[in-house]
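Notes follow once the structure below has been shown.
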Amino acid sequence: MDQERFLVGGGARLNGQVRVSGAKNSVLKLMGAALLAEGTTVLRNCPDIDDVPLMRNVLEGLGCTVEHSGDTVAITVPGDLSPRADFDAVRQFRASVCVLGPLTARCRRAVVALPGGDAIGSRPLDMHQLGLEKLGASTRIEHGCLVAEAGRLRGARIKLDFPSVGATENILTAAVLAEGVTTLDNAAREPEIVDLCEMLVSMGARIDGAGTNTITVDGVERLHPAEHEVVGDRIVAGTWAYAAAMTGGDVTVGGIDPIHLHLPLEKLRVAGAQVESYPAGFRVRGVGRLRAVNYQTLPFPGFPTDLQPMAIALAAVSEGASILTENVFESRFRFVDEMIRLGAEATIDGHHVMIRGKERLSSAPVWASDIRAGAGLVLAGLCAEPGGVTEVHDVFHIDRGYPDFVATLSALGADIRREGAGRHHR
Ligand code: UD1
0 MDQERFLVGG GARLNGQVRV SGAKNSVLKL MGAALLAEGT TVLRNCPDID
50 DVPLMRNVLE GLGCTVEHSG DTVAITVPGD LSPRADFDAV RQFRASVCVL
100 GPLTARCRRA VVALPGGDAI GSRPLDMHQL GLEKLGASTR IEHGCLVAEA
150 GRLRGARIKL DFPSVGATEN ILTAAVLAEG VTTLDNAARE PEIVDLCEML
200 VSMGARIDGA GTNTITVDGV ERLHPAEHEV VGDRIVAGTW AYAAAMTGGD
250 VTVGGIDPIH LHLPLEKLRV AGAQVESYPA GFRVRGVGRL RAVNYQTLPF
300 PGFPTDLQPM AIALAAVSEG ASILTENVFE SRFRFVDEMI RLGAEATIDG
350 HHVMIRGKER LSSAPVWASD IRAGAGLVLA GLCAEPGGVT EVHDVFHIDR
400 GYPDFVATLS ALGADIRREG AGRHHR
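For the sequence shown, numbering that gives the first Met the number 0 begins at 0 and goes up steadily by one.
Quick look at the structure:
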């Protein structure tokens, strides 16, 4: 078990400039999409997070060679891929399921171990299966794996019940090599979907409508490798924005198109923070204590569920009561008990949580249950009483998604350090 923890001092204001690297939720899918073309695909602006080497293991298990140097990942894909992504490689992180579409298209067979549920709730794959079936594959669950088999895939009209990010990705990465036209309605519109489509287009795919809720794919016979720069991480950027606002700080964040954070930044403005947007970044200044605002998580361009813990942390120190409604994942309030341990006044009612803000939180030992919950707890710890130290445990979750988390916050003036006997030394 990982013994590492972060020690977070309360009371500091964050000041300075940071630049975010590529998005976790994009790079892993782009690495999976590289499987679609024989040869070497090169990805730049890759984040230094633990999920990238985990995805590398998945690809190597399928027969690829992966070279990782600095922020560049080069994936060499053989003509003959293994269609099996085994349990050992897949179980550690859910995003590995993104190899399903590319393997079904390339190998006409995919056997991908089911990653299982996690701390934010049950995460079924029914829409992924339905999409592949519409494209002509048969799918079944067998011995803990999702098995898809097909002749050549055929384009189809597919309508998703919900704009699932992962299902949209798997359908797109299968449809690009299908015969004929696929129309995907109620598709996810996240910037990471647009990034994936841009890379697929540079590999020779024919795609229209990325970023809207109807995406059309005209299948091609084969794709070629490409070079691509990963889109900036809007969730990491949003984390620093909320940290600046709630500590009364002044932080400029680069490497991100502020349109990708339109609603989270708008919420900060309404709460009373000063926000300036630039072509590739923004500046947030927290002026005095912010006012409570309400949130509803929704698919993009709605408020991202991945920033929900940061919104709860901000609400916990705002003036007045906030109601936050979680519409994307069923159990994403489990970490709220940890916030309560830090003194937050929060009441959960189904998929709503009501938070009554107070001037200061109170330092305590807390446990991270997933990447974003962990980051939200650190932000809350920054708003505990000066001199108090919040111990955040199970920080391996945070390392899965945030590059240089401690170094970035320290550079902004936070009192935070890593302690313990784990394997991370960032
Ligand atoms: C991705 C992100 C995650 C983010 C989420 C929503 C990655 C690696 N992860 O997850 O950080 O929080 O988008 O923005 O990119 N669902 C089904 N059946 C399906 C697929 C999904 O019922 O076949 C449900 C899920 O249980 C969930 C909702 O749809 O309640 C949204 O899930 P989805 O958009 O697919 O999220 P992920 O792609 O898993």
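Each residue gets a CB set at the ideal place from its N, CA and C atoms; glycine is no exception.
Assumed close pair residue i, residue j - CB separation to whole angstroms, cut-off 8 Å
| i | j | result |
| --- | --- | --- |
| residue 14 | residue 319 | At roughly 26 Å, the Cβ-Cβ gap does not stay under 8 Å, so residue 14 and residue 319 are not in contact. |
| residue 428 | residue 324 | Here the chain comprises residues numbered 0 to 425, so residue 428 is not present and cannot be evaluated. |
| residue 96 | residue 229 | In fact, because the Cβ distance is near 19 Å, the residues do not count as touching under 8 Å. |
| residue 395 | residue 3 | 7 Å |
| residue 181 | residue 134 | 7 Å |
| residue 112 | residue 85 | 6 Å |
| residue 270 | residue 292 | 5 Å |
| residue 130 | residue 154 | Not quite, the Cβ-Cβ distance comes to about 12 Å (not below 8 Å), so this is no contact. |
| residue 77 | residue 100 | No, residue 77 and residue 100 are not in contact; Cβ-Cβ is about 18 Å, not under 8 Å. |
Simplified DSSP assignment, three categories, for residue i
| i | result |
| --- | --- |
| residue 275 | strand |
| residue 263 | helix |
| residue 412 | coil |
| residue 419 | coil |
| residue 5 | strand |
| residue 31 | helix |
| residue 390 | strand |
| residue 336 | helix |
| residue 383 | strand |
| residue 71 | strand |
| residue 330 | coil |
| residue 371 | helix |
| residue 227 | strand |
| residue 11 | coil |
| residue 344 | strand |
| residue 322 | strand |
| residue 241 | helix |
| residue 218 | coil |
| residue 55 | helix |
| residue 96 | helix |
| residue 313 | helix |
| residue 84 | strand |
| residue 364 | strand |
| residue 130 | helix |
| residue 163 | coil |
| residue 50 | helix |
| residue 213 | strand |
| residue 191 | helix |
| residue 502 | The question about residue 502 has no answer here: the residues shown for the chain are numbered 0 through 425. |
| residue 122 | coil |
| residue 103 | helix |
| residue 406 | helix |
| residue 504 | Summary: the structure shown does not reach residue 504, with the chain confined to residues 0 through 425, and so no result is reported for it. |
Cross-strand partners of residue i (DSSP beta bridge)
| i | result |
| --- | --- |
| residue 349 | Note: residue 349 sits in no beta bridge, so no partner. |
| residue 112 | 144 |
| residue 158 | 184 |
| residue 296 | 302 |
| residue 91 | Partner(s): none; residue 91 has no beta bridge. |
| residue 16 | 251 |
| residue 65 | 74 |
| residue 205 | 217 |
| residue 395 | Answer is none; residue 395 lacks a bridge partner. |
Exercise for review: Check whether the stretch 282-297 touches the stretch 46-60, taking contact to mean three or more Cβ pairs, one atom from each stretch, closer than 8 Å.
Suggested key: no
Practice item. Could you tell me whether the stretch 150-166 touches the stretch 180-194, where touching means 3 or more Cβ pairs closer than 8 Å? Key: yes
Exercise for review: Check whether the stretch 62-70 touches the stretch 198-212, taking contact to mean three or more Cβ pairs, one atom from each stretch, closer than 8 Å.
Suggested key: no
Exercise for review: Inspect the CB distances between the stretch 216-230 and the stretch 246-253 and report whether three or more fall short of 8 Å.
Suggested key: no
Exercise for review: State whether the stretch 326-337 contacts the stretch 397-407, with contact taken as three or more CB pairs (one from each stretch) at a distance under 8 Å.
Suggested key: no
Review point. Within the chosen definition, does the stretch 377-393 reach the stretch 5-13 through at least 3 CB pairs nearer than 8 Å?
Key: yes
Check your understanding: Does the pairing of the stretch 258-277 with the stretch 296-306 give three or more beta-carbon distances under 8 Å?
Key -> yes
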